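Each residue of the sequence shown is one higher than the one before, starting from 1 at the first, in the UniProt record's numbering.
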Amino acid sequence: MGDYSTYTDQELLVLIKAEDYSAFNEIYHRHADALYGSAYNILRDRDSCRDVIQDIFIWLWQNRLHLNISNCRAYLLTAVKFKTANYIRDNKIGKGFFMELSTVELSSDDEENAIEVRQLSDFIKSLADQLPGRYGEIFRLSRYQQLSNKEIALQMGISEKTVENQMTIALKKIKEKLGPGSALMFFFL
């Protein structure tokens, strides 16, 4: 067809519906860096961000025939927010995320993303603070102090298996709160 860089996003989306893979590539190259930056402001993990972006573009291609997008960039950035929330909810991120989130300095030029990261951090901390007794203590030791299950067991005078079980329960309780309709979704709308 020619030089796709001269096409608007709307024109490219029409071509994508017609299964034009070159138009899809142009949309990808046009927006992937911004999407990655948005995901990185939240997840702070390169591999997780790549996974999120890849999942979004796979979904976009697979659902190309049913797309009704008026603003491609806004749509894709919103998809990043929801996908990162799902990534966190499904516990696909490592323990380091929580440590990074608690120490991140919000000096981003993009104030909106900085506010979202701050809100997410505060929300996760509030969920951890709401966990009863040992669940909350084990979660905080694991996620914020980066202690291993063995170190937590020694510190608390309990078995590693108990730490694992309590951590599983704590994560389940947090995931329930992060599920559909939770306060976290409010921050990502």
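Even for Gly, the Cβ is constructed at its ideal location relative to N, Cα and C.
Because the structure is a prediction, the values reported are computed rather than measured.
- For Asp20, no alpha helix (DSSP H) segment is defined, and its DSSP state is neither H nor E.
- By the Cβ-count criterion, Leu15 is buried, with 16 or more other Cβ atoms from all chains shown falling within 10 Å of its own Cβ.
- Scanning the segment 29 to 68 from its first residue to its last, the whole alpha helix (DSSP H) runs of 4-plus residues come out as 46 to 62.
- In the structure shown, Gly136 adopts helical secondary structure according to DSSP, grouped into three states.
- Around the beta carbon of Glu176, fewer than 16 other beta carbons lie within 10 angstroms, which makes this residue exposed.
- Segment contact: the segment 64 to 72 against the segment 40 to 53, fewer than three CB-CB distances shorter than 8 Å; contact not assigned.
- Rounded to whole angstroms, the Cβ separation of Ala79 and Ile56 is 5 Å, and the two are in contact under 8 Å.
- In terms of CA proximity to Asn86, Val52 leads the group Leu76, Ala74, Val52.
- Relative to the Cα of Ala170, the nearest Cα in the group Ile158, Leu141, Ala18 belongs to Leu141.
- The alpha carbon of Gln54 has as its nearest neighbour, out of Thr84, Gln166, Ile124, the alpha carbon of Thr84.
- In the three-state scheme derived from DSSP, where H, G and I count as helix and E and B as strand, Leu12 is classed as helix.
- Closest by C-alpha distance to Gln130, out of Ile174, Leu60, Thr8, is Ile174.
- DSSP places Leu154 inside the alpha helix (DSSP H), whose first and last residues are 149 to 156.
- Proximity to Ala32 across Leu60, Gln10, Ala18 peaks at Leu60, based on C-alpha coordinates.
- In this structure, the CA atom of Phe139 is about 7 Å from the CA atom of Ala128.
- Closest in C-alpha terms to Leu76, from the list Ile152, Asp9, Lys150, comes Asp9.
- Classified as buried, Tyr135 has 16 or more neighbouring CB atoms from the shown chains inside 10 Å of its CB.
- The Cβ atoms of Cys49 and Tyr28 lie no closer than 9 Å to each other.
- Contact between Tyr4 and Leu12 holds: their C-beta atoms lie close to 7 Å from each other, under 8 Å.
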